[in-house]
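Participant: In my numbering, the protein residues as written are 60 to 235.
Backbone N, C-alpha and C define an ideal beta-carbon position, used for all residues, glycine too.
Fair warning: this is a prediction, and the values are worked out from it, not measured in the lab.
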Amino acid sequence: YLCDLDAGSRLELTGPYGHPFEKPDEPDATLILIGAGTGIAPFRAFVKYLHQHPESFRGKIWLFHGGKTGLDLLYMNELEDDFAQYYDRETFQAIAALSSNPDWSDAIDWEAAISQHGTEIWKMLEDSKTHVYLAGLESIRDQLDTVFCGLAGSVERWHRRKMELAAGRRWIELLY
């Protein structure tokens, strides 16, 4: 879009205002952050903020970040990644979700990335101190619902759990 604009063209920008993700009240909460592509950007600021305020947050953070290929994983590159400045390896875990066939335009394989930790994630989702934050394209919601239905064992059980999380303001979405 930007490349097709003529020199001097007007461009209107809007964006999120304020903090899209609030720090949980519980200082020992568990956060599950799920984002793809540019959806990872708000998590970078969020994780940095939490790291800079250890007196108010000392919980666990699991970041699931996705892309078609490893080149799409913004801020991550082995041990020298950008996130390494803001966490310790005992409380922060970053898990990559990549397309199984990146040359074929397959979707990001959230199922493989999340299911390998399925039992532990489901236990987290049942814990009243777990908060889930999603960021990225709106299509991520349906993809993740499918994955979480598998973890829950049924569509009904997952939808009930997700509604409970949302009602408790522990399921937050920043989707576009």
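(1) Nearest to residue 180 by alpha carbon, out of 80, 217, 98?
(2) Here's the rule I'm using: 16 or more other beta-carbon atoms within 10 Å means buried, otherwise exposed. How should residue 168 be labelled?
(3) Taking the CB atoms as reference points, tell me whether residue 80 and residue 192 lie closer together than 7 Å.
(4) Roughly how many angstroms separate the alpha carbons of residue 118 and residue 190, rounded to a whole number?
(5) Are the CB atoms of residue 206 and residue 173 nearer to each other than 7 Å?
(6) Tell me the DSSP bridge mates of residue 108?
(7) For residue 123, name the three-state secondary structure that DSSP assigns.
(8) Check whether the Cβ atoms of residue 98 and residue 194 sit closer than 7 Å, and answer yes or no.
(9) Can you tell me whether residue 116 is helix, strand or coil according to DSSP?
(10) Note the first and the last residue of the continuous beta strand (DSSP E) segment covering residue 94.
(11) Taking all protein chains shown into account, decide if residue 215 is buried (16 or more other Cβ within 10 angstroms of its Cβ) or exposed.
(12) Which residues mark the beginning and the end of the alpha helix (DSSP H) in which residue 224 is found?
(13) Would a C-beta distance cut-off of 7 Å place residue 154 and residue 105 closer than the cut-off?
(14) Quickly, what does DSSP pair residue 189 with across the bridge? List them, please.
(15) Cα separation between residue 130 and residue 220?
Facilitator: Reading from the atomic positions:
(1) The residue labelled residue 180 in the question sits at position 121 within the sequence shown. Ranking 80, 217, 98 by Cα distance to residue 180 puts 217 first.
(2) Walking along the sequence shown from the start, residue 168 turns up at place 109. The Cβ neighbour count for residue 168, taken over all protein chains shown within 10 Å, is at least 16; the residue is labelled buried.
(3) Taking the sequence shown and counting its residues from 1, the one referred to as residue 80 is at position 21. Taking the sequence shown and counting its residues from 1, the one referred to as residue 192 is at position 133. Contact annotation: residue 80 and residue 192 have beta-carbon atoms nearer than 7 Å.
(4) Here residue 118 refers to the residue found at position 59 of the sequence shown. Here residue 190 refers to the residue found at position 131 of the sequence shown. Here the alpha carbon of residue 118 sits roughly 11 Å from the alpha carbon of residue 190.
(5) Within the sequence shown, numbered from 1, the residue matching residue 206 stands at position 147. Within the sequence shown, numbered from 1, the residue matching residue 173 stands at position 114. Yes, Cβ-Cβ distance for residue 206 and residue 173 is below 7 Å.
(6) Here residue 108 refers to the residue found at position 49 when the sequence shown is read from its first residue. Beta-bridge pairing links residue 108 to no other residue.
(7) Reading the sequence shown from its first residue, position 64 is the one you call residue 123. If DSSP states are grouped into helix, strand and coil, residue 123 belongs with the strands.
(8) Counting from one through the sequence shown, the residue named residue 98 turns up at place 39. Counting from one through the sequence shown, the residue named residue 194 turns up at place 135. The Cβ-Cβ distance between residue 98 and residue 194 falls below 7 Å.
(9) Counting from 1 along the sequence shown, the entry for residue 116 is found at position 57. Coil at residue 116, not helix or strand.
(10) Mapped onto the sequence shown, residue 94 falls at position 35. 89-95 is the span of the beta strand (DSSP E), which, as asked, contains residue 94.
(11) Numbered from 1 along the sequence shown, position 156 holds the residue referred to as residue 215. Residue 215 is exposed by the Cβ-count criterion.
(12) The sequence position of residue 224 within the sequence shown is 165, counting from 1. Counted as a single uninterrupted DSSP element, the alpha helix (DSSP H) harbouring residue 224 occupies residues 214-226.
(13) By one-based count along the sequence shown, residue 154 stands at place 95. By one-based count along the sequence shown, residue 105 stands at place 46. Taking 7 Å as the Cβ cut-off, residue 154 and residue 105 do not qualify as a contacting pair.
(14) For the purposes of this step, residue 189 is identified with residue 130 of the sequence shown, where counting begins at 1. Residue 189 is bridged to 89.
(15) In the sequence shown, residue 130 corresponds to position 71, counting from 1. In the sequence shown, residue 220 corresponds to position 161, counting from 1. Reliability of the predicted coordinates at residue 130 is poor, the pLDDT of 49 falling under 50, and no value is obtained from them.
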